[in-house]
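Undergrad: Input: one structure, supplied below.
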Amino acid sequence: MLSAVVNRDYELEQMDVKTAFLHGDLEERILMKQPEGFIKKGDENKVCLLRKSLYGLKQSPRQWNIKFDSFMKEANFIRASSLSEIRLVKDSLSSKFEMKDMDATTTTTPLATHFKLKSLTKAEKLEEAVHMENTPYASAVGSLMYAMIGSRPDLAYAVGVISRFMSNPGRGHWTAVKWVLRYLRGCIKSKSNIYQEEKVSVLMGFCDSDYATDIDRRRSVTGYIFQVWGNTVSWRSNLQSVVALSTTEAEYMALSSAVREAIWLKGLCSELGFDAGAVKIHCDSQSALALAKNSVYHERTKHIATKYHFIRDIVAEGTVW
């Protein structure tokens, strides 16, 4: 969106819903213990029946989305280029929710190779439990994840690795988390700028995969980024769902994930009023590219699940290349 604003000279307006998750209506019956400092004398053994969603509930994000979506539909929300229409929408939102008007706004590696992280054995869990009892592992990883999702694609791989051990982290995992935090501290003055660049493709992607680096289950990691007018707008790094039997297969599955993202981004660009054309996706595996264009290496690739082969049709119809 920001890249489109810069390159198409759009006007940008932002608003933030205060305590958004508290607006959601619960569908389930949920009980909670009385919070500290608010325990009713004489009723210490009683619990609270929630009437609305709270931060921390797994249902809260979904219920807020349902609430907001319902309001937008009731308000007959449509896309509009008129500033008066945008103001009307903002006023309508403010009448329903408490809003903060943010106005127009300016908007080494994270994890070193010597970290070989794996799940703890039963004996190691018992030994590490004492040392990790008061360590804010989940909180630190959550903060890093927030930064990664919002503006730090360089953290995607590192956060993906350390988040695998949220249930039973050990001292080695905590050392890795602190390494990532020190990396962030070292580049705290770096800025993420949105540039105007007309000479590059509207939408372009890059994808890659390692091979069997997950020590526990020997799965590979998919990584991709997409740029709109040269500005990075989408990124991901995650474990593949199955074990790849070759580097070609791992790269091919990564390419499949990137193509799915490209289709969505191409549709989004169309909704915003500009044609992205055929999306160019860069991949450093010639074998995976050949497999995407035609059914080669049959003997070594015939076991690959059908769901990954849809990219052949997408390439053939010219959606990506």
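Residue numbers (our numbering): 5 to 325.
Backbone N, C-alpha and C fix where the C-beta goes; we use that ideal spot for every residue, glycine too.
Quick caveat, the model's predicted, so the values are computed rather than measured.
Can you give the Cα-Cα distance for residue 68 and residue 81, rounded to whole angstroms?
TA: So the two alpha carbons sit approximately 17 Å from each other.
Undergrad: Does the distance from the C-beta atom of residue 167 to that of residue 184 stay below 8 Å?
TA: no
Undergrad: For residue 102, count neighbouring Cβ atoms within 10 angstroms of its own Cβ and tell me buried if that reaches 16, exposed if not.
TA: exposed
Undergrad: Looking only at C-alpha atoms, which of 241, 224, 99, 279 sits nearest to residue 248?
TA: 224
Undergrad: Which same chain residues, not among the five before or five after residue 291, have their C-beta less than 6 Å away from its C-beta?
TA: Only 252 meet the Cβ criterion.
Undergrad: Buried or exposed for residue 233, going by 16 or more other Cβ atoms inside 10 Å?
TA: buried
Undergrad: Could you work out which residue in 141, 275, 255 is closest to residue 172 when comparing CA atoms only?
TA: For the options 141, 275, 255, the alpha carbon positioned closest to that of residue 172 is the one of 141.
Undergrad: Rounded to whole angstroms, what's the CA-CA distance from residue 282 to residue 270? Just pull it up for me.
TA: The alpha-carbon atoms of residue 282 and residue 270 are separated by roughly 9 Å.
Undergrad: Can you round the beta-carbon distance between residue 53 and residue 26 to whole angstroms, since I take them to be within the 8 Å contact cut?
TA: That pair is no contact at about 16 Å.
Undergrad: For residue 284, write down the residues that DSSP places opposite it in a beta bridge.
TA: Answer is 208, bridged to residue 284.
Undergrad: In or out: residue 312 buried (at least 16 other Cβ within 10 Å) or exposed?
TA: buried
Undergrad: Between which residues of its own chain and residue 222 is the CB-CB distance below 8 Å, once the five residues before and five after are set aside?
TA: 216, 247
Undergrad: Give the C-beta separation of residue 160 and residue 240 to the nearest angstrom, bearing in mind that I take them to be a contact with Cβ-Cβ under 8 Å.
TA: 7 Å
Undergrad: Would you mind stating whether residue 211 and residue 243 have Cβ atoms separated by less than 8 Å?
TA: no
Undergrad: What does residue 242 pair with, by DSSP beta-bridge criteria?
TA: 226
Undergrad: Determine the direct distance from the alpha carbon of residue 143 to that of residue 50, and round the result to whole angstroms.
TA: 30 Å
Undergrad: Which class does residue 51 belong to by DSSP, given the choice of helix, strand or coil?
TA: In the structure shown, the three-state DSSP call for residue 51 is strand.
Undergrad: Give the DSSP-derived three-state secondary structure of residue 236 in the structure shown.
TA: strand
Undergrad: If I'm right that residue 278 touches residue 12 with Cβ under 8 Å, what's the distance once you round it to whole angstroms?
TA: 7 Å
Undergrad: In this structure, what does DSSP give as the bridge partners for residue 37?
TA: 51
Undergrad: With DSSP collapsed to three states, give me the class of residue 4.
TA: Any property of residue 4 remains undetermined from this structure, which presents the chain solely from 5 to 325.
Undergrad: Pull the bridge partners of residue 9 from the DSSP assignment, please.
TA: None, per the DSSP bridge assignment.
Undergrad: What's the call for residue 213, buried or exposed, on a 16-neighbour Cβ count within 10 Å?
TA: buried
Undergrad: Buried or exposed: residue 111, going by 16 or more other Cβ atoms within 10 Å of its Cβ?
TA: A caution first: residue 111 carries a pLDDT of 42, below 50, which makes its placement in the model too unreliable to give a value.
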